[in-house]
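Right, one structure below, let's go through it.
In the UniProt record's numbering, the protein residues as written are 1 to 377.
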């Protein structure tokens, strides 16, 4: 672990809590990070953010420790992976992990979006949003956390770029990979990867590819393929989380609205959201409307663009047709294919995680290839 150990304990009351202890061997930087986290976590109060109980300062032989609420089912990544084993193993062998249906899965995505909307409103950038950093309790209730243990348990999820610290490149936006810049918008990119994790039941993003290959794929603008049976409106959310230009990405407020509509709408009903109300940017590529329709079998997201609306309203259908034709040809020339990974994750040794030579990065970020499969109507 970077600087802490996590364990569960019981106080004088019957409640069980989790504690994070600062190691004796922790560096000065690690100690500063520890107390910075105390300051940050103590300010958060939200049903989808892990609750901070208190802190124990260094006293004699007692190392500093943070005390959190205990989430009995552990991290979300493990819970999701357990769903793939329920069919072949008994529930008793799963450490009593919850079994999730399609409504639960959607609820998990909604709860994380709800927590991230709160963090964004606090102007807090998480920097490491992933299923491994979300904890699960009965319900299922999901809460966002940032435990240092994730770097030990999931070592192969982190990668060293050009001599910098270990970074979760598979969840990072292009600007974070190139410039090391983390913003609210880079958290939105990471949330799109989290959606992919949720609907793939805990698979590692870009599994079958080394971390070095993943960096190249991200910089070349090659997107993940949505998992099979992923609702089309969720595919649309992923796509709009992965816009190359950060200011063009969807907001957590809008993500939450779309997911709430899908989650709570029990009968067939259509509702329109004006996305421009949630955006500061009024670029021509901004989404205008997102219509969510829930039927007995599917949810679909319909999307219209400002520039197309202007041209249609002006009656300039001919110009629109010509531009669409040129865009189609241009897209065909730029289209790349993502090699199919092997059926099981590729084994990565610890030595593969460190890059001592660094990378020669491109001078500019290329436009992403629209690498989303066409879904049936």
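We put the CB at the ideal spot given by N, CA and C, even for glycine.
- Query: Under 7 Å, do residue 259 and residue 113 count as touching if we go by C-beta distance?
  - Reply: Locating residue 259 in the chain shown gives position 259, where the first residue counts as 1. Locating residue 113 in the chain shown gives position 113, where the first residue counts as 1. Against a cut-off of 7 Å, the Cβ pair of residue 113 and residue 259 comes out as a contact.
- Query: For residue 266, which three-state DSSP category applies?
  - Reply: Here residue 266 corresponds to residue number 266 of the chain shown, with the count starting at 1. Any answer about residue 266 is weak, because its pLDDT of 42 lies below 50 and its placement is not dependable; what the coordinates show is given next. DSSP places residue 266 in coil when its eight states are reduced to three.
- Which partner residues of residue 66 appear in the DSSP bridge assignment? Numbered from 1 along the chain shown, position 66 holds the residue referred to as residue 66. Looking at the DSSP assignment, residue 66 forms a beta bridge with 20, 55.
- Reference residue 121, options 45, 202, 58, 193, closest by Cα: Numbered from 1 along the chain shown, position 121 holds the residue referred to as residue 121. Comparing Cα-Cα distances from residue 121 to each of 45, 202, 58, 193, the minimum goes to 45.
- Message: Here's a check: name, in chain order, each residue in its chain whose Cβ is nearer than 8 Å to the Cβ of residue 256, leaving out the five neighbours to either side.
- Response: Counting from one through the chain shown, the residue named residue 256 turns up at place 256. These residues qualify, in order along the chain: 110, 113, 114, 117.
- Taking 7 Å as the cut-off, decide whether the C-beta atoms of residue 71 and residue 136 are in contact. Locating residue 71 in the chain shown gives position 71, counting from the first residue. Locating residue 136 in the chain shown gives position 136, counting from the first residue. In this structure, the beta-carbon distance from residue 71 to residue 136 falls below 7 Å.
- Please confirm if the stretch 205-223 is in contact with the stretch 164-175, defined as three or more CB-CB distances below 8 Å between the two stretches. Touching, per the Cβ criterion.
- Identity of the residues DSSP links to residue 141 by a beta bridge: Here residue 141 is taken as the residue at index 141 of the chain shown, counted from 1. Per DSSP, the beta bridge partners of residue 141 are 137.
- Item | Rounded Cβ spacing between residue 202 and residue 131 (contact assumed at less than 8 Å) | Stepping through the chain shown from its first residue, residue 202 is reached at position 202. Stepping through the chain shown from its first residue, residue 131 is reached at position 131. At roughly 7 Å, the Cβ-Cβ gap stays under 8 Å, so residue 202 and residue 131 are in contact.
- Task: Would you decide whether residue 18 is buried or exposed? Buried here means 16 or more other CB atoms lie within 10 Å of its CB.
- Result: Indexing the chain shown from 1 puts residue 18 at position 18. Buried is the call here.
- Could you please give the first and the last residue of the uninterrupted alpha helix (DSSP H) stretch that includes residue 131? In the chain shown, the residue the question calls residue 131 occupies position 131. Here residue 131 belongs to no alpha helix (DSSP H), and DSSP marks it neither H nor E.
- Buried or exposed: which applies to residue 16, given that a residue is buried once 16 or more other Cβ atoms fall within 10 Å of its Cβ? Reading the chain shown from its first residue, position 16 is the one you call residue 16. By the neighbour-count rule (16 or more Cβ atoms within 10 Å), residue 16 is not buried but exposed.
- For residue 139, count neighbouring Cβ atoms within 10 angstroms of its own Cβ and tell me buried if that reaches 16, exposed if not. Within the chain shown, numbered from 1, the residue matching residue 139 stands at position 139. Result: exposed.
- Task: Under the assumption that residue 242 contacts residue 192 (Cβ atoms under 8 Å), give the Cβ distance between them as a whole number of angstroms.
- Result: Along the chain shown, read from residue 1 onward, the residue named residue 242 stands at position 242. Along the chain shown, read from residue 1 onward, the residue named residue 192 stands at position 192. Contact holds; Cβ gap of about 5 Å.
- For residue 20, does the count of other Cβ atoms within 10 angstroms reach 16, so buried, or fall short, so exposed? Reading the chain shown from its first residue, position 20 is the one you call residue 20. Buried, because 16 or more other Cβ atoms sit within 10 Å of the Cβ of residue 20.
- Task: Could you check which residue in 174, 186, 234, 79 has the C-alpha nearest to that of residue 125?
- Result: Position 125 of the chain shown, counted from the start, is the residue given in the question as residue 125. Looking at the Cα atoms, 186 is the closest of the given residues.
- Taking just the CA atoms, how far does residue 246 sit from residue 297? The residue you call residue 297 lines up with position 297 of the chain shown. The residue you call residue 246 lines up with position 246 of the chain shown. Bear in mind that a pLDDT of 31 at residue 297, under 50, signals an unreliable position, so the number given afterwards is only what the model happens to contain. Rounded to the nearest angstrom, the gap between the Cα atoms of residue 297 and residue 246 is 34 Å.
- Message: Just to confirm before moving on: does the CB-CB distance between residue 143 and residue 40 stay below 7 Å?
- Response: Taking the chain shown and counting its residues from 1, one reaches residue 143 at position 143. Taking the chain shown and counting its residues from 1, one reaches residue 40 at position 40. Not in contact: residue 143 and residue 40 (Cβ atoms no closer than 7 Å).
- Between the beta-carbon of residue 38 and the beta-carbon of residue 56, is there less than 7 Å? Here residue 38 refers to the residue found at position 38 when the chain shown is read from its first residue. Here residue 56 refers to the residue found at position 56 when the chain shown is read from its first residue. With respect to residue 56, residue 38 sits apart: the two C-beta atoms are not nearer than 7 Å.
- Message: According to DSSP, simplified to helix, strand and coil, what is residue 237?
- Response: The count along the chain shown starts at 1 and reaches residue 237 at position 237. Helix at residue 237.
- Task: For residue 250, name the three-state secondary structure that DSSP assigns.
- Result: Here residue 250 is taken as the residue at index 250 of the chain shown, counted from 1. Coil, per DSSP.
- Distance CB(residue 134)-CB(residue 219) smaller than 7 Å: Locating residue 134 in the chain shown gives position 134, where the first residue counts as 1. Locating residue 219 in the chain shown gives position 219, where the first residue counts as 1. In this structure, residue 134 lies away from residue 219, with their beta-carbon atoms at least 7 Å apart.
- Query: When you compare only the Cα positions, how much space is there between residue 205 and residue 62?
  - Reply: Residue 205 sits at position 205 when you count from the first residue of the chain shown. Residue 62 sits at position 62 when you count from the first residue of the chain shown. Roughly 40 Å between the two C-alpha positions.
- Message: Can you look up residue 75 in the DSSP assignment and give me helix, strand or coil?
- Response: As a first step, residue 75 is located in the chain shown; it is residue number 75 there, counting from the start. Three-state DSSP puts residue 75 in a strand.
- Report the rounded CA-to-CA distance for residue 59 versus residue 26, giving the unit in angstroms. The residue labelled residue 59 in the question sits at position 59 within the chain shown. The residue labelled residue 26 in the question sits at position 26 within the chain shown. Rounded to the nearest whole angstrom, the C-alpha separation of residue 59 and residue 26 is 16 Å.
- Message: If you reduce the DSSP assignment to three classes, tell me which class residue 119 lands in.
- Response: To locate residue 119, count along the chain shown from 1; it is residue 119. Assignment of residue 119 by DSSP, reduced to helix, strand and coil, places it in the helix class.
- Query: From residue 230 to residue 195, what does the alpha carbon distance come to, in whole angstroms?
  - Reply: The residue labelled residue 230 in the question sits at position 230 within the chain shown. The residue labelled residue 195 in the question sits at position 195 within the chain shown. The alpha-carbon atoms of residue 230 and residue 195 are separated by roughly 10 Å.
- Nearest-angstrom Cα distance between residue 249 and residue 216? Start at 1 with the first residue of the chain shown, and residue 249 comes out as number 249. Start at 1 with the first residue of the chain shown, and residue 216 comes out as number 216. The alpha-carbon atoms of residue 249 and residue 216 are separated by roughly 21 Å.
- Task: Measure the alpha-carbon distance for residue 79 versus residue 141 and round it to whole angstroms.
- Result: Locating residue 79 in the chain shown gives position 79, where the first residue counts as 1. Locating residue 141 in the chain shown gives position 141, where the first residue counts as 1. Going from the Cα of residue 79 to the Cα of residue 141 covers about 12 Å.
- State yes or no: is the C-beta of residue 106 within less than 7 Å of the C-beta of residue 264? Position 106 of the chain shown holds residue 106. Position 264 of the chain shown holds residue 264. The answer is no: Cβ separation not under 7 Å.
- Give a yes or no on whether the C-beta atoms belonging to residue 182 and residue 176 are separated by under 7 Å. As a working mapping, residue 182 is identified with position 182 in the chain shown. As a working mapping, residue 176 is identified with position 176 in the chain shown. Cβ atoms of residue 182 and residue 176: closer than 7 Å.
- Mind checking residue 96: buried by the 16 CB within 10 Å criterion, or exposed? As a first step, residue 96 is located in the chain shown; it is residue number 96 there, counting from the start. Answer is exposed; the Cβ neighbour count stays below 16.
- Task: For residue 49, write down the residues that DSSP places opposite it in a beta bridge.
- Result: Position 49 of the chain shown holds residue 49. Note: residue 49 is bridge-paired with 144 in the DSSP secondary-structure output.
- What are the boundary residues of the alpha helix (DSSP H) that includes residue 199? Looking up residue 199 in the chain shown gives position 199. Its alpha helix (DSSP H) spans residues 184-199.
- Query: Is residue 261 buried or exposed, if buried means 16 or more other CB atoms sit within 10 Å of its CB?
  - Reply: Residue numbering aside, residue 261 sits at position 261 when the chain shown is read from its first letter. So residue 261 ends up on the buried side.
- Which residues bound the alpha helix (DSSP H) around residue 179? On the chain shown, position 179 is the one that residue 179 refers to. Note, residue 179: alpha helix (DSSP H), 174-179.
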